[in-house]
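**Q**
There are 2 protein chains.
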Amino acid sequence: MATIPQFISQKLPSIDFNNIPLLKDSRLRSGQCSSNKSLVPGEPEGPCVKTEIPGPRSKELIKQLEHFQMVGTIQYLVNYEKSIGNYIIDADDNILLDTYTNISTIPVGYNHPKLLDLFKDECNLKSMVNRPALGVYPGLDWPGRLENVLKGISPNLPNIQTMMCGACSNENACKSAFIGYKMRERCGQDFTEEEKKSCINNQPPGSPYLSILSFAGGFHGRSLGTLALTHSKPIQKLDFPSFGYWPIATYPKYKYPLEENCRENEETDKKCLQQIEELFEKQKSCAPIAGVIIEPIQSEGGDNHASSQFFQKLQSICKKNSAYLIIDEVQTGGGPTGRFWCHEYFDLPCPPDMVTFSKKLQTGGYFYTDELKPKHPSRIFNTWMGDPGKIILLEAIIDIIRCQNLLDQVEKSGEKLICGLKNLEKEFPDIIHSVRGKGTFVAYDGNSPKTRDAIIKELKKNGVQAGGCGDKSIRLRPALVFQEHHVDIYLDILRKVLKKVGGSKQKC
Amino acid sequence: MATIPQFISQKLPSIDFNNIPLLKDSRLRSGQCSSNKSLVPGEPEGPCVKTEIPGPRSKELIKQLEHFQMVGTIQYLVNYEKSIGNYIIDADDNILLDTYTNISTIPVGYNHPKLLDLFKDECNLKSMVNRPALGVYPGLDWPGRLENVLKGISPNLPNIQTMMCGACSNENACKSAFIGYKMRERCGQDFTEEEKKSCINNQPPGSPYLSILSFAGGFHGRSLGTLALTHSKPIQKLDFPSFGYWPIATYPKYKYPLEENCRENEETDKKCLQQIEELFEKQKSCAPIAGVIIEPIQSEGGDNHASSQFFQKLQSICKKNSAYLIIDEVQTGGGPTGRFWCHEYFDLPCPPDMVTFSKKLQTGGYFYTDELKPKHPSRIFNTWMGDPGKIILLEAIIDIIRCQNLLDQVEKSGEKLICGLKNLEKEFPDIIHSVRGKGTFVAYDGNSPKTRDAIIKELKKNGVQAGGCGDKSIRLRPALVFQEHHVDIYLDILRKVLKKVGGSKQKC
Numbered sequence: 158m159a160t161i162p163q164f165i166s167q168k169l170p171s172i173d174f175n176n177i178p179l180l181k182d183s184r185l186r187s188g189q190c191s192s193n194k195s196l197v198p199g200e201p202e203g204p205c206v207k208t209e210i211p212g213p214r215s216k217e218l219i220k221q222l223e224h225f226q227m228v229g230t231i232q233y234l235v236n237y238e239k240s241i242g243n244y245i246i247d248a249d250d251n252i253l254l255d256t257y258t259n260i261s262t263i264p265v266g267y268n269h270p271k272l273l274d275l276f277k278d279e280c281n282l283k284s285m286v287n288r289p290a291l292g293v294y295p296g297l298d299w300p301g302r303l304e305n306v307l308k309g310i311s312p313n314l315p316n317i318q319t320m321m322c323g324a325c326s327n328e329n330a331c332k333s334a335f336i337g338y339k340m341r342e343r344c345g346q347d348f349t350e351e352e353k354k355s356c357i358n359n360q361p362p363g364s365p366y367l368s369i370l371s372f373a374g375g376f377h378g379r380s381l382g383t384l385a386l387t388h389s390k391p392i393q394k395l396d397f398p399s400f401g402y403w404p405i406a407t408y409p410k411y412k413y414p415l416e417e418n419c420r421e422n423e424e425t426d427k428k429c430l431q432q433i434e435e436l437f438e439k440q441k442s443c444a445p446i447a448g449v450i451i452e453p454i455q456s457e458g459g460d461n462h463a464s465s466q467f468f469q470k471l472q473s474i475c476k477k478n479s480a481y482l483i484i485d486e487v488q489t490g491g492g493p494t495g496r497f498w499c500h501e502y503f504d505l506p507c508p509p510d511m512v513t514f515s516k517k518l519q520t521g522g523y524f525y526t527d528e529l530k531p532k533h534p535s536r537i538f539n540t541w542m543g544d545p546g547k548i549i550l551l552e553a554i555i556d557i558i559r560c561q562n563l564l565d566q567v568e569k570s571g572e573k574l575i576c577g578l579k580n581l582e583k584e585f586p587d588i589i590h591s592v593r594g595k596g597t598f599v600a601y602d603g604n605s606p607k608t609r610d611a612i613i614k615e616l617k618k619n620g621v622q623a624g625g626c627g628d629k630s631i632r633l634r635p636a637l638v639f640q641e642h643h644v645d646i647y648l649d650i651l652r653k654v655l656k657k658v659g660g661s662k663q664k665c
Numbered sequence: 158m159a160t161i162p163q164f165i166s167q168k169l170p171s172i173d174f175n176n177i178p179l180l181k182d183s184r185l186r187s188g189q190c191s192s193n194k195s196l197v198p199g200e201p202e203g204p205c206v207k208t209e210i211p212g213p214r215s216k217e218l219i220k221q222l223e224h225f226q227m228v229g230t231i232q233y234l235v236n237y238e239k240s241i242g243n244y245i246i247d248a249d250d251n252i253l254l255d256t257y258t259n260i261s262t263i264p265v266g267y268n269h270p271k272l273l274d275l276f277k278d279e280c281n282l283k284s285m286v287n288r289p290a291l292g293v294y295p296g297l298d299w300p301g302r303l304e305n306v307l308k309g310i311s312p313n314l315p316n317i318q319t320m321m322c323g324a325c326s327n328e329n330a331c332k333s334a335f336i337g338y339k340m341r342e343r344c345g346q347d348f349t350e351e352e353k354k355s356c357i358n359n360q361p362p363g364s365p366y367l368s369i370l371s372f373a374g375g376f377h378g379r380s381l382g383t384l385a386l387t388h389s390k391p392i393q394k395l396d397f398p399s400f401g402y403w404p405i406a407t408y409p410k411y412k413y414p415l416e417e418n419c420r421e422n423e424e425t426d427k428k429c430l431q432q433i434e435e436l437f438e439k440q441k442s443c444a445p446i447a448g449v450i451i452e453p454i455q456s457e458g459g460d461n462h463a464s465s466q467f468f469q470k471l472q473s474i475c476k477k478n479s480a481y482l483i484i485d486e487v488q489t490g491g492g493p494t495g496r497f498w499c500h501e502y503f504d505l506p507c508p509p510d511m512v513t514f515s516k517k518l519q520t521g522g523y524f525y526t527d528e529l530k531p532k533h534p535s536r537i538f539n540t541w542m543g544d545p546g547k548i549i550l551l552e553a554i555i556d557i558i559r560c561q562n563l564l565d566q567v568e569k570s571g572e573k574l575i576c577g578l579k580n581l582e583k584e585f586p587d588i589i590h591s592v593r594g595k596g597t598f599v600a601y602d603g604n605s606p607k608t609r610d611a612i613i614k615e616l617k618k619n620g621v622q623a624g625g626c627g628d629k630s631i632r633l634r635p636a637l638v639f640q641e642h643h644v645d646i647y648l649d650i651l652r653k654v655l656k657k658v659g660g661s662k663q664k665c
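Top to bottom, those sequences are chains V and F.
Everything in the first sequence is counted per our numbering, starting at 158 for the first residue and increasing by one.
Everything in the second sequence is counted per our numbering, starting at 158 for the first residue and increasing by one.
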């Protein structure tokens with residue numbers, strides 16, 4: 158079993174990226190200690206709900222918090238000392254099977270013993286507590302740790318930049334696209350004096366009219382820059398100034414089941430791609446497109462999938478128009494689709510220009526091509542540029558995924574989950590439909606927003622923490638240690654819930 | 158001595174903000190265990206430089222890192238296991254007195270034993286490792302921890318929102334200003350359908366033409382939104398689209414010594430304030446000003462100070478025009494000026510509307526008024542909304558500041574430092590001038606950018622890590638445990654350096 162590198166003191170060889178095999182083939186599937194048994198010793202046998210949720214203790218704490226923080230989005234307070242594996246345990250000792258995992262951020266379940274052990278090591282502890290400005294004074298262990306991460310999970314891209322969170326990663330990927338676009342335009346020339354003077358006052362030519370193409374229904378963060386790329390819910394965007402001249406394309410929305418709607422869905426792809434080509438043309442005269450940002454599966458927007466052919470053609474349109482393709486794997490990255498990166502499914506002829514990540518990976522960041530390396534220092538920079546404490550966690554998480562063969566586990570659990578859900582959509586066609594997913598990154602739709610909300614509410618009452626997305630979808634985002642027996646529990650409870658929701662629907 | 162609260166299980170009383178005394182009066186000055194002795198046991202007696210910097214080991218590691226990360230801004234690699242207190246120790250065992258502290262982010266020196274002890278506690282460890290989505294599923298300990306922080310350091314503002322970093326804090330403070338501005342305009346009405354539809358496509362009226370007024374020379378972050386507020390160096394802004402219609406005012410730049418230039422500096426204030434009033438008028442017809450963001454001391458821009466009168470009048474202009482005043486204390490907050498918040502010096506008749514923070518406080522975030530609480534949930538939201546691991550550190554840092562009377566220490570060291578520097582500017586008038594500062598948040602100017610760079614280079618050769626800002630300034634950003642004997646070491650070395658730089662200047 159691979160151990161967590163504590164301190165890389167010997168000189169490491171440089172990476173030969175030609176010799177890094179595709180992830181799905183080996184890197185994260187080389188574990189030898191997989192097992193059919195429970196991956197999480199000490200997990201409860203199932204959920205157990207004792208009070209309404211939020212219960213009295215949660216309510217009391219929310220009331221306390223309300224004096225000095227907004228609490229409108231808080232569901233309940235969590236006992237993180239007790240929560241374990243796939244089970245989140247709330248302030249009132251209710252035990253919930255967690256299929257939402259703190260908005261898809263908990264990769265290997267709660268309180269994984271290997272993660273808890275990490276900071277008993279003095280070097281790890283000191284790296285975390287003495288958090289440096291990584292762009293200026295990184296620690297001795299930083300190059301080795303970063304190289305380990307890169308070797309473990311790079312989507313065949315040679316460079317990595319860590320950041321703080323998903324929005325910050327997407328912000329900086331967009332900045333890299335603008336830098337790359339202008340570097341190419343300048344053909345090696347330096348900035349002009351006019352550019353330097355004008356940019357200080359936010360004016361062109363230094364602050365040029367360039368754009369990033371994004372997709373309707375997409376979500377890339379909630380900073381002002383990434384909000385201009387986010388188009389999922391008005392409540393996230395209302396009242397904030399934006400880049401009104403950035404183009405927005407249609408993301409394909411397919412009919413399900415896919416196998417019965419091939420021709421129609423192909424037609425959808427075609428229309429969407431044509432619109433993108435038109436937008437590239439249209440933008441040339443006002444605000445050329447420097448980059449295209451897209452989720453492999455639109456998550457917040459409703460778990461919308463697009464075909465491999467769509468992504469292949471999108472990449473080709475980008476190349477034709479010299480725009481950088483940014484794949485936002487903030488929610489899909491880290492294994493939940495059964496591959497470490499979801500875009501591996503698309504069989505792109507070459508890697509995307511950038512891949513952004515965060516959430517399950519604990520640290521934000523992005524991988525990028527050599528072409529995108531800025532000519533000048535300090536172009537992509539901020540005070541912290543990430544956090545060593547999170548890289549220490551990520552190193553261990555990669556090790557756990559490899560050692561416990563978690564990508565295989567996700568595939569197995571995912572197959573069982575999708576199969577079970579498809580049976581349920583046949584059994585309850587008036588309540589749910591459009592089951593879809595890769596690995597355990599699975600969703601289905603309620604027949605109306607109201608039905609969806611009722612299902613989520615009933616699931617919680619029955620011991621399952623679920624999450625919604627889009628207008629009427631339920632998304633599953635379990636940890637990678639979600640096994641077949643957890644699938645059984647989930648499906649049993651869901652069946653009970655659908656019966657109840659169906660019953661009350663009939664009564665209406 | 159106060160202990161770090163591990164777990165707040167009992168119901169805490171709600172806060173009465175009328176009874177929170179001003180910070181400078183008591184909250185952080187109530188320690189009873191202050192001492193004149195060294196605050197950092199085990200610190201070296203002084204700097205010790207053995208190799209060029211970066212030395213051979215640093216160079217080797219930079220070469221390794223260069224294969225997969227940009228390294229243009231990296232000075233050297235640091236041994237964070239060995240670094241202690243005010244001394245940063247590099248990969249080649251060079252020991253430097255650190256007056257820059259990782260861009261002003263290390264509050265109580267390297268490897269403070271109290272900080273290292275924190276994560277031996279199981280509750281703290283689990284809070285840090287199981288990092289939740291704080292806006293939805295905070296841990297049991299979160300309300301208590303946040304209340305402790307608020308009680309300890311709130312700048313007389315009743316609400317707090319944690320964030321990830323300084324840029325993220327300023328982004329969300331600006332969003333809060335836009336929300337507040339539009340809430341007032343709507344007089345309790347809900348969003349219109351037209352607003353909801355248009356904002357999804359980044360168009361008005363949902364994405365309105367509103368603006369934030371910022372200042373020439375200011376720095377508020379490098380995300381696209383905050384970059385529109387940042388006007389310090391072209392390299393940070395070139396090639397990125399911006400909000401060209403956001404107004405930029407002149408920050409006062411005073412002549413030093415202040416006592417000899419009173420009339421001229423008052424005139425400067427007057428002109429700046431008049432321009433701000435004019436900008437408010439001008440913006441009304443195109444993009445009204447929802448908020449004004451300003452640093453109490455422009456740091457990255459060159460340690461530019463503005464008078465208390467300037468800030469008082471700025472607040473009054475904001476109130477007259479119903480714009481929110483955001484004080485960006487990302488660099489000044491946390492005690493380096495001798496008060497926990499630098500704006501305490503300005504004796505504002507009432508608190509600013511928002512105060513943003515990060516760096517020394519480990520977590521980003523902002524304090525805000527009740528008026529700025531959004532009517533709808535999920536208006537200010539992202540996945541993590543901060544990080545419990547950083548709040549655990551902040552709680553302990555506040556305790557250390559209180560217990561070791563560090564604000565008093567900063568005042569004492571600052572007085573000695575400024576006095577010594579004023580003597581040196583008299584001794585070397587052709588090399589340095591314009592000594593200025595509050596506490597140990599001190600700067601002086603070289604007589605040219607070249608001279609400044611030479612001084613910083615020589616300081617490093619002689620064992621002092623210094624930092625530059627603006628065109629030709631040197632900024633001191635030591636930790637709060639920088640004591641009088643460290644000031645002596647700094648001044649001795651600087652005198653030697655100025656002699657050398659002066660000597661080579663004469664030779665030129």
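Every residue gets a Cβ at the ideal spot worked out from N, C-alpha and C, and that includes glycine.
Source: prediction; values computed, not measured.
Distance, Cα to Cα, Tyr-237 (chain V) vs Gln-440 (chain V)?
**A** Position 80 of the first sequence, counted from the start, is the residue given in the question as residue 237 (chain V). Position 283 of the first sequence, counted from the start, is the residue given in the question as residue 440 (chain V). Taking the straight line joining both Cα atoms gives about 49 Å.
**Q** Return the bridge partner residues of Phe-524 (chain V) from the DSSP annotation.
**A** Sequence index remark: in the first sequence, residue 524 (chain V) carries index 367 (1-based). Phe-524 (chain V) pairs with V:Ile-317 and V:Val-512.
**Q** Lys-532 (chain V): beta carbon under 7 Å from a heavy atom of the ligand MN?
**A** For the ligand MN, the structure offers nothing, since it holds no ligand at all.
**Q** Give the straight-line distance between the Cα atoms of Pro-534 (chain V) and Ile-483 (chain F), rounded to the nearest whole angstrom.
**A** For the purposes of this step, residue 534 (chain V) is identified with residue 377 of the first sequence, where counting begins at 1. For the purposes of this step, residue 483 (chain F) is identified with residue 326 of the second sequence, where counting begins at 1. Going by the C-alpha atoms only, they are around 31 Å apart.
**Q** Start and end of the beta strand (DSSP E) containing Ile-446 (chain V)?
**A** For the purposes of this step, residue 446 (chain V) is taken as the residue at position 289 of the first sequence. It spans 446–451 - the beta strand (DSSP E) in which Ile-446 (chain V) sits, taken as one unbroken run.
**Q** Output yes if chain F places a C-beta closer than 8 Å to the C-beta of Gln-431 (chain V); else output no.
**A** Your numbering for residue 431 (chain V) matches position 274 in the first sequence. Not closer than 8 Å to any Cβ of chain F, the Cβ of Gln-431 (chain V) fails to qualify, so no.
**Q** Consider the Cβ of Thr-262 (chain F): report whether some Cβ of chain V lies at a distance smaller than 8 Å.
**A** Position 105 of the second sequence, counting from 1, holds the residue named residue 262 (chain F). Judged by the 8 Å Cβ criterion, Thr-262 (chain F) is in contact with chain V.
**Q** Within 8 Å of any Cβ in chain F, is that where the Cβ of Ile-172 (chain V) sits?
**A** Your numbering for residue 172 (chain V) matches position 15 in the first sequence. Reliability fails at Ile-172 (chain V), whose pLDDT of 42 lies under 50, so the model's placement of it is uncertain and no value is given.
**Q** Using the beta-carbon of each residue, which ones in chain F are nearer than 7 Å to Asp-278 (chain V)?
**A** Position 121 of the first sequence holds residue 278 (chain V). Near Asp-278 (chain V) there are no residues of chain F at all, since even the closest Cβ is about 11 Å away, more than 7 Å.
**Q** In or out: Asp-587 (chain V) buried (at least 16 other Cβ within 10 Å) or exposed?
**A** Here residue 587 (chain V) corresponds to residue number 430 of the first sequence, with the count starting at 1. Answer is exposed; the Cβ neighbour count stays below 16.
**Q** To which residues of the same chain is Lys-579 (chain F) closer than 7 Å at the C-beta, ignoring the five residues directly before and after it?
**A** Here residue 579 (chain F) refers to the residue found at position 422 when the second sequence is read from its first residue. Contacts found: Val-592.
**Q** Among the candidates V:Phe-639, V:Gly-459 and V:Trp-403, whose CA atom is the shortest distance from the CA of Ala-600 (chain V)?
**A** As a position in the first sequence, residue 600 (chain V) is number 443, starting the count at 1. Considering only alpha carbons, the answer is V:Gly-459.
**Q** Do Met-321 (chain F) and Gly-543 (chain F) have their C-beta atoms closer together than 8 Å?
**A** The residue you call residue 321 (chain F) lines up with position 164 of the second sequence. The residue you call residue 543 (chain F) lines up with position 386 of the second sequence. Cβ atoms of Met-321 (chain F) and Gly-543 (chain F): closer than 8 Å.
**Q** Using alpha carbons as the reference points, say which of F:Gly-345, F:Ile-555 and F:Lys-394 lies closest to Ser-355 (chain V).
**A** By 1-based counting over the first sequence, the position of residue 355 (chain V) is 198. Out of F:Gly-345, F:Ile-555 and F:Lys-394, F:Lys-394 has the C-alpha closest to the C-alpha of Ser-355 (chain V).
**Q** Starting from the Cα of Ile-252 (chain V), find the closest Cα among V:Lys-220, V:Val-206 and V:Pro-211 and give me that residue.
**A** The sequence position of residue 252 (chain V) within the first sequence is 95, counting from 1. That would be V:Val-206, whose Cα lies nearest to the Cα of Ile-252 (chain V).
**Q** Determine contact between the segment 275–295 of chain V and the segment 563–582 of chain V, defined as no fewer than three beta-carbon pairs at a distance below 8 Å.
**A** no
**Q** On the DSSP bridge list, what partners appear for Cys-626 (chain V)?
**A** Here residue 626 (chain V) is taken as the residue at index 469 of the first sequence, counted from 1. Its beta-bridge partners are V:Ser-630.
**Q** So is Ser-240 (chain V) buried or exposed if we call it buried at 16+ other beta carbons inside 10 Å?
**A** Stepping through the first sequence from its first residue, residue 240 (chain V) is reached at position 83. Flag for Ser-240 (chain V) reads buried.
**Q** Ordered along the chain, which non-local residues of its own chain (more than five positions away) have a Cβ less than 6 Å from that of Asp-173 (chain F)?
**A** Along the second sequence, one-based indexing puts residue 173 (chain F) at 16. Note that Asp-173 (chain F) has pLDDT 48, beneath the 50 cutoff, so the model's placement of it is unreliable and no number is given.
**Q** How is Arg-593 (chain V) classed by DSSP in three states: helix, strand or coil?
**A** For the purposes of this step, residue 593 (chain V) is identified with residue 436 of the first sequence, where counting begins at 1. Arg-593 (chain V): strand per DSSP, three-state reduction.
**Q** Rounded C-beta distance between Leu-471 (chain V) and Val-449 (chain V)? I'm assuming under 8 Å.
**A** In the first sequence, residue 471 (chain V) corresponds to position 314, counting from 1. In the first sequence, residue 449 (chain V) corresponds to position 292, counting from 1. Right, the Cβ-Cβ distance comes to about 7 Å (below 8 Å), so this counts as a contact.
**Q** If you count every other CB in all the chains shown that lies within 10 Å of the CB of Gly-199 (chain V), and 16 or more means buried, which is it?
**A** In the first sequence, the residue the question calls residue 199 (chain V) occupies position 42. Counting other Cβ atoms within 10 Å of its Cβ, Gly-199 (chain V) stays below 16 and is therefore classed as exposed.
**Q** Give a yes or no on whether 8 Å exceeds the smallest Cβ distance from His-377 (chain F) to chain V.
**A** In the second sequence, residue 377 (chain F) corresponds to position 220, counting from 1. The beta-carbon of His-377 (chain F) is placed no less than 8 Å from the nearest beta-carbon of chain V.
**Q** Less than 8 Å between the C-beta atoms of Thr-425 (chain F) and Pro-453 (chain F), yes or no?
**A** As a working mapping, residue 425 (chain F) is identified with position 268 in the second sequence. As a working mapping, residue 453 (chain F) is identified with position 296 in the second sequence. Cβ atoms of Thr-425 (chain F) and Pro-453 (chain F): not closer than 8 Å.
**Q** Would Ser-479 (chain F) and Arg-341 (chain F) be called neighbours here (beta carbons separated by less than 8 Å)?
**A** Taking the second sequence and counting its residues from 1, the one referred to as residue 479 (chain F) is at position 322. Taking the second sequence and counting its residues from 1, the one referred to as residue 341 (chain F) is at position 184. Yes, these two residues count as a Cβ contact at 8 Å.
**Q** What residues in its chain sit with their C-beta under 6 Å from that of Gly-212 (chain V), if we drop five residues either side in the sequence?
**A** In the first sequence, residue 212 (chain V) corresponds to position 55, counting from 1. Excluding sequence positions up to five before and after Gly-212 (chain V), its CB lies within less than 6 Å of the CB of Asp-249, all in the same chain and listed in chain order.
**Q** Indicate whether at least one CB of chain V lies closer than 8 Å to the CB of Thr-540 (chain F).
**A** On the second sequence, position 383 is the one that residue 540 (chain F) refers to. With 8 Å as the cut-off, Thr-540 (chain F) counts as an interface residue toward chain V.
**Q** Counting only C-beta atoms, is Val-687 (chain F) closer than 8 Å to chain V at any point?
**A** Since the displayed chain F opens at 158 and closes at 665, residue 687 (chain F) lies outside it and no answer follows.
**Q** Check for me: the beta strand (DSSP E) holding Ser-364 (chain F) runs from which residue to which?
**A** Residue numbering aside, residue 364 (chain F) sits at position 207 when the second sequence is read from its first letter. Segment: none, Ser-364 (chain F) is in no beta strand (DSSP E) and carries neither H nor E.
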